[in-house]
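S.K.: Sharing a structure, written as structure tokens. Questions coming.
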Amino acid sequence: MQSDVCMVLSPFPADSHPAAQNETGVPRAGSRSLLLRFSQCIVQYRVFFGVCSFAFLVASAVTAAFTCHLPDLSDPSADFVAIQTDWSANVQQFKALLSETRSYPWRAGSSLVRRHRRGPEQRMQLWSIRQPDRVTTLPLFKHQGRFTGYGSQEEQLNLCFGEHSSVIEASDLWTTYEGYGRLVMSLDQNPSLNAPFTDVDEVPSNFFTEPGAFASLCSFQSRIYELDIFKQECVHSMHQRPVRNTTSNQPHCCSAWSVPNMVAALLGRSSCSQIRDSELVEINQLLTSCLPAFRNNTLRRVCWDAYGSDPTLLCPLVTPASCLRSPLIPLILATSLPDAADWRWRTTLLQLPIRRADSLSLFLALEAAYRSGNLTSDLPVPVYIHGMYLHAYNELVSETIFRDTFWLVIGLGTLLVLLALGTGTVVIPIITLIGIGWSLLAAYGLYSRVLCIPHFPVLNLMAVVLAIGLGADDLLVYFQVWKTSLRRTPIASSMNGDLELATLSPWSKPRHSRSTGLNETRAECSKFCGNGCFSFHDPSTSSGASVLAVQLQFTLHHAIPSMALTSIATALGLLINFLSSIVAVQRFALFSLLIVLCNFVYVVLVAPIVFVLFSSLCIFSSNLTSCMANYFDTISSHFSNLVLRGRFFLSSLFLIAVTVCTYFLLFKRNFTIPSGGGKTSFLRSNHLFESFLNTFTNWFWMERNLHQISTLIPVHFVWGFQPEDDRSFWTFIHKQPVESARWIPDEKLNLTSTAAREWLFKFCDRRLRQLPYLFKSTDMNSQHYGLPALDLAHLNPYLDAPLWCPFGRFTNSLDNYMFAHACTNVSSRCCFGSSSPTIFSLSPWHFRLCLEEYTSFEHHILPREFQSGFRFPATHSGEPLGLIVSVLTNLSMLTSTHDELRRGVYDLSAWFLEALTTAPDHLRGGRLVLPTLGPFEVEKNVTEYVYWSILVAILLAALLVLLSTGTLCLAVIALVSLFACLVTTGMMLIIIDNWSLGIVEGLVLSLAAGLAIDPCLHLALSVKRAGGRCCDTGLGWTSRSVHTSMCMLNAAVTGSAGSTAIAGLCMIACHLLCYHQIGVFLCVLMTSSWLMCYVMFASNLASWFSIWELCRNRH
């Protein structure tokens, strides 16, 4: 909560600081008369204004509630896109080029279109394994090996990943594995990648060697089978076929792909519970001896064929030969056990054959059963779930949002209770609650209906937390000023009393006698209410109405500027976020600005009416209120004395803390982008889902290749467009159709000229092979065909041809076509008579005809025809309009760090720009396009704008202090204190919550300056009014000025910061990451703001005043 206080009303009498009377007295006569008349009008017609205000609030709230739809939170990452950047401009035009052109000539005919043309979505399915849900057939291998089982074939366990017994197809295997759910089980509470510390002769135990561990794992998966939701969501549960094998206790076709089941199938058993400990020792020795052969790729797919050949003849280099007994051995090593070392076999991976759709219910059921102990109770050896992956991430985030609403209610309730205790009345909490609700409704109505923003991102939910934390600030300001007006407003004896007396400064002594009738009324009210009543006036009398109008005038004169300053400070922190190119960040800033605006309007509109209507309300007894007030005043005075006495020590401590935090935060670069930021996390790092994605994807061979190979970054060198991105956060729609982008062709492009053909040939045939970060087969660590039926080319089609160009010596290139095929056809347009011309010897016209023949003839076999190759007009024949050359790099969105990606993109861009320097003029418009770098572009934008936004926010906050106080030295000290607050906050967030630089972190840090400056602002204003205009006057500031100001502000500043910190504390327990982070941020920021922007700021002011006074006395 902002450190809003009672508008720094200084209690200094006139004879202490005359300069204060001249500067902080009453407003000018014109504004004073107008404000007084306005106040008298409100007091006189308070019922009418109350009814109008109530009608306005109800009408606007009802309109917003019934005309706005609930926000769609089904896709939490929808608006996490960078727009209007160089990268987005290239990508948008690249998509438009693909959409508005075709990869073959128009005159090729409609038959070619029907045979070979594919839409963008269908073409992408050629290399994407994330295809629509379906029942995938994935039977076991035909020749299971030569392990001798104890049961007959009818009694063996049926893993039943498919319905038919046929040879496994590679595409089916990868697609099926990717579609299944995964659970990471371990015998350790904290599994580690490091080797365990054991004695020299001690062998680390695992699931095979530790007594009871294998049986525990077997019982655990059996309990999963017994869950009703698992029986419903199993992939093959829809096939109601009779179960022939009555001896098996597994559901038909729903057995998990796990170590217990595969070992049971390896041994020919019908259940994992039938396996003896001696057999487990044999299996452990076998798998341990086969692990080196699996890792060096000698244990590979060709060891087993469809004809039943002896595997030892096909793979004679495999040692020991027992590894060739069954193809299940490499399957176990690839899918279920970590492939780094056998000591890590205390952790295993279970694959559950469940459908993609509606997998959220199974996730919740497994999570609830695990937490209740139903899955792990009474097991021989405890096992733990450390990671879980089901295809329900977006649905899980939406479910978590609704669950964490409970903590929002707790935080709001805590805030209201603290307000009731701090103000001594229930009126303030009630109108605060109404104000928060109305501000949210009105802001959402303006956001969705007036401004017509098409989407409400998940990030906007943080604005709800900010609304709860900041909703009471302006009301507290108004309440504190109103209470001050009770003590400072003089009492007129009649309606026609002296107007000048009625508008005296609150810092001057009233000239009326304290024995007036109304003062007796005040004494009578104080007898019953003490300091807890709103007013001591009787509004039924004319004199009471007059004084009530003076009170209202005084309150409006001092409260409105204070509320405006705090709202402006918050708004400045929000406006900085418009420097970002991320749509979600810009929309959060807009929605938060609307909330701040609506809250300010609500307080200005409602507070005067409510306080006037309840002007004679008495709440608490005088004894309790007076005792509490005296107690807090005593503590405040002692605390102020303590700060002033230790001002030099605190200032020294301040400098040390700022130096240390700045060094570690800025120079040691502890606040950086995390590695492998391929996706935006919405759940906390200790969540089972995030633990699997962030930790265990590198532990298992198949899981690692599934993520790493499929995330290799392709690079496209494109000619044929001019970069432009006309999207705006006002109208941006996620998954906007490609046709909405307007293609801007490159008018200078000419691909048929002789100079262009010569340069493109050299570029493709020579320079392109020297491309930095070019992917090579050795980058796969010899694991390309290391497992039966696990062909990694199904994860990424670029693996088979990482580099291809229509020019140069490439398979199916234009040069190859002219040399090998064209002259065999006498009617070929690429060959004249018996000669065999090259692409350089043809005229532009003949080259165009040859190009049309080539693309029409070999269109169906060109590699990646939907991207690499020429682009032709879609509706008529003509010259090629574009050229795309695609190359696969060894950079990965998953394994490469942010610095590696940044360096790689820079090197690739520099390499291409250098190559273009030798190109003809009509080819220098080539662009480097990286469509898969969307998450990296978001991270890059965060790193580019967050530091500048924080710096600008600090400078704007210091400028606000300068404009409000008119004193440079106060603004400089406030600037240093605010900088100290921010670096301390950043360091504490890293230590306490392990923060790293991301979207949410950068966003909330840019808000910190606007939220933390308020204590500096109000203390500077109070000291300014107490001490005079400037340090060169005879009435310069002193330490007593700081002491008196602190005595007045201690309770308000501490209470404001404490209530906000407690409200944020309630959000720390949330599972939604943005809720949790905003809660931690509010707690840490309010603590740091109170220390640095109030306590240390006061000590620095006192130290400066002491040094200045000492220097002035010496001179």
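Anchor point for the sequence shown: position 966 equals 966 in full-length UniProt numbering, and the numbering is continuous, going up by one each time. Glycine is no exception: its CB is placed at the ideal position from the N, C-alpha and C atoms.
If you draw a straight line from the C-alpha of Y478 to the C-alpha of F230, how long is it?
M.R.: By one-based count along the sequence shown, residue 478 stands at place 478. By one-based count along the sequence shown, residue 230 stands at place 230. Rounded to the nearest angstrom, the two C-alpha atoms are 58 Å apart.
S.K.: Verify whether the separation of the beta carbon atoms of L461 and C1074 is less than 8 Å.
M.R.: In the sequence shown, residue 461 corresponds to position 461, counting from 1. In the sequence shown, residue 1074 corresponds to position 1074, counting from 1. Closer than 8 Å, so yes.
S.K.: Alpha carbon to alpha carbon, how far is L565 from L575?
M.R.: If you number the sequence shown from 1, residue 565 lands on position 565. If you number the sequence shown from 1, residue 575 lands on position 575. When rounded, the distance between both Cα atoms is 15 Å.
S.K.: Grouping DSSP H, G and I as helix and E and B as strand, with all else coil, what is N812?
M.R.: Walking along the sequence shown from the start, residue 812 turns up at place 812. Coil.
S.K.: First and last residue of the beta strand (DSSP E) that includes Y389?
M.R.: Position 389 of the sequence shown, counting from 1, holds the residue named residue 389. Residues 384-389.
S.K.: If you check the beta carbons only, do P1015 and L888 fall under 8 Å apart?
M.R.: For the purposes of this step, residue 1015 is identified with residue 1015 of the sequence shown, where counting begins at 1. For the purposes of this step, residue 888 is identified with residue 888 of the sequence shown, where counting begins at 1. The answer is no: Cβ separation not under 8 Å.
S.K.: Starting from C234, follow its DSSP beta bridges and name the residues at the other end.
M.R.: On the sequence shown, residue 234 is found 234 positions in, with the first residue counted as 1. DSSP lists I354 as partners of C234.
S.K.: Residues in its own chain within less than 7 Å of G720 by CB, not counting five upstream and five downstream?
M.R.: Counting from 1 along the sequence shown, the entry for residue 720 is found at position 720. Closer than 7 Å at the Cβ level, and outside the excluded window around G720, lie L97, P745, D746, L749, R871, L881, G882, L883.
S.K.: Just to confirm before moving on: does the CB-CB distance between I656 and L891 stay below 8 Å?
M.R.: Sequence index remark: in the sequence shown, residue 656 carries index 656 (1-based). Sequence index remark: in the sequence shown, residue 891 carries index 891 (1-based). It is not a contact, given that the beta carbons lie outside the stated cut-off.
S.K.: Quick one: what does DSSP say M462 is sitting in, helix, strand or coil?
M.R.: As a first step, residue 462 must be located in the sequence shown, where it is residue number 462. Of the three classes helix, strand and coil, the one that applies to M462 here is helix, per DSSP.
S.K.: For D188, which residues from the same chain have a beta carbon less than 8 Å from its beta carbon, with the 5 sequence-adjacent residues on both sides left out?
M.R.: Counting from one through the sequence shown, the residue named residue 188 turns up at place 188. If we look at D188 and ignore the five residues flanking it on each side, its Cβ neighbours are R346, T347, Y384.
S.K.: Can you tell which of T414, F689, S651 has its C-alpha closest to the C-alpha of W1104?
M.R.: Taking the sequence shown and counting its residues from 1, one reaches residue 1104 at position 1104. Of the listed residues, the one whose Cα sits closest to W1104 is S651.
S.K.: Taking three-plus beta-carbon pairs below 8 Å as touching, is the stretch 1093-1103 in contact with the stretch 1040-1051?
M.R.: Enough Cβ pairs lie closer than 8 Å, so yes.
S.K.: Return helix, strand or coil for V1000, following the three-state DSSP convention.
M.R.: Position 1000 of the sequence shown holds residue 1000. Reduced to three states, the DSSP call for V1000 is helix.
S.K.: If residue 1119 and F761 are in contact, beta carbons under 8 Å, what's the gap, nearest whole angstrom?
M.R.: Nothing about residue 1119 can be read from this structure; the chain reaches only from 1 to 1115.
S.K.: When DSSP builds the beta bridges, which residues end up paired with H716?
M.R.: Numbered from 1 along the sequence shown, position 716 holds the residue referred to as residue 716. Bridge partners of H716: S886, V929.
S.K.: Rounded C-beta distance between L982 and I954? I'm assuming under 8 Å.
M.R.: Here residue 982 refers to the residue found at position 982 when the sequence shown is read from its first residue. Here residue 954 refers to the residue found at position 954 when the sequence shown is read from its first residue. About 7 Å; that satisfies the 8 Å criterion.
S.K.: Can you check which of these residues, D310, F1081, L1003, is closest to I990 by C-alpha distance?
M.R.: Numbered from its first residue, the sequence shown carries residue 990 at position 990. Looking at the Cα atoms, F1081 is the closest of the given residues.
S.K.: Is it right to say K940 is buried, meaning 16 or more other beta carbons lie within 10 angstroms of its own, or is it exposed?
M.R.: The residue labelled residue 940 in the question sits at position 940 within the sequence shown. With 16 or more Cβ atoms within 10 Å of its Cβ, K940 is classed as buried.
S.K.: Over the uninterrupted beta strand (DSSP E) stretch that includes R871, give me the two end residues.
M.R.: Locating residue 871 in the sequence shown gives position 871, counting from the first residue. Here the beta strand (DSSP E) through R871 covers 869-873.
S.K.: I'd like the span of the alpha helix (DSSP H) that includes V263, first residue to last.
M.R.: Along the sequence shown, one-based indexing puts residue 263 at 263. 259-267 is the span of the alpha helix (DSSP H), which, as asked, contains V263.
S.K.: Tell me which residues share the same chain as S580 and place their Cβ nearer than 7 Å to its Cβ, disregarding the 5 neighbours each side in the sequence.
M.R.: For the purposes of this step, residue 580 is taken as the residue at position 580 of the sequence shown. Closer than 7 Å at Cβ, skipping near neighbours: Q586, N941, Y945.
S.K.: Comparing alpha-carbon positions, which option in P457, A443, F614 lies nearest L451?
M.R.: For the purposes of this step, residue 451 is identified with residue 451 of the sequence shown, where counting begins at 1. Comparing Cα positions, the closest option is A443.
S.K.: Which partner residues of V184 appear in the DSSP bridge assignment?
M.R.: Here residue 184 is taken as the residue at index 184 of the sequence shown, counted from 1. L349, G387.
S.K.: Tell me which same chain residues have a C-beta within less than 8 Å of the C-beta of M1086, skipping the five on either side of it?
M.R.: The residue given as residue 1086 occupies position 1086 in the sequence shown. Hits under 8 Å: M1, A1057, G1058, T1060, A1061, G1064.
S.K.: From L960, M987, G986, T984, pick the residue whose C-alpha is nearest to that of A974; which is it?
M.R.: The residue given as residue 974 occupies position 974 in the sequence shown. The shortest Cα separation from A974 among L960, M987, G986, T984 belongs to L960.
S.K.: With H, G and I counted as helix, E and B as strand and the rest as coil, what does DSSP make of G1028?
M.R.: In the sequence shown, counting from the first residue as 1, residue 1028 sits at position 1028. At G1028, the pLDDT of 48 sits below 50, so the modelled position is not reliable and the matter cannot be decided from this model.
S.K.: Compare the Cα-Cα distances from A756 to each of S841, V976, L693 and report the closest residue.
M.R.: Locating residue 756 in the sequence shown gives position 756, where the first residue counts as 1. Taking only the C-alpha atoms, the option nearest A756 is S841.
S.K.: Please classify W1104: does DSSP put it in a helix, a strand, or coil?
M.R.: Taking the first residue of the sequence shown as position 1, residue 1104 is located at position 1104. Helix, per DSSP.
S.K.: In or out: W948 buried (at least 16 other Cβ within 10 Å) or exposed?
M.R.: Here residue 948 refers to the residue found at position 948 of the sequence shown. Exposed, by the Cβ-count rule.
S.K.: Classify L287: buried if its beta carbon has 16 or more other beta carbons within 10 angstroms, exposed otherwise.
M.R.: Here residue 287 corresponds to residue number 287 of the sequence shown, with the count starting at 1. Buried, because 16 or more other Cβ atoms sit within 10 Å of the Cβ of L287.
S.K.: Check whether the stretch 961-969 touches the stretch 686-700, counting contact only when three or more Cβ pairs, one atom from each stretch, lie closer than 8 Å.
M.R.: At 8 Å Cβ cutoff, the stretches do not touch.
S.K.: If you drop the 5 nearest sequence neighbours on each side, which residues of the same chain put their C-beta closer than 7 Å to that of V381?
M.R.: Taking the sequence shown and counting its residues from 1, the one referred to as residue 381 is at position 381. Closer than 7 Å at Cβ, skipping near neighbours: L187, E210, G212, A213, S216.
S.K.: Going by the CB atoms, is the gap between Y854 and Y817 shorter than 8 Å?
M.R.: Locating residue 817 in the sequence shown gives position 817, where the first residue counts as 1. Locating residue 854 in the sequence shown gives position 854, where the first residue counts as 1. A contact, by the Cβ cut-off of 8 Å.
S.K.: Per the contact definition of three or more C-beta pairs closer than 8 Å, is the stretch 76-95 in contact with the stretch 583-601?
M.R.: Cβ pair count under 8 Å is three or more, so yes.
S.K.: State the Cα-Cα distance for the pair C1008 and V606, rounded to the nearest angstrom.
M.R.: Taking the sequence shown and counting its residues from 1, the one referred to as residue 1008 is at position 1008. Taking the sequence shown and counting its residues from 1, the one referred to as residue 606 is at position 606. The identity of residue 1008 in the sequence shown is Ala, whereas the question assumes Cys. Cα to Cα, A1008 sits roughly 28 Å from V606.
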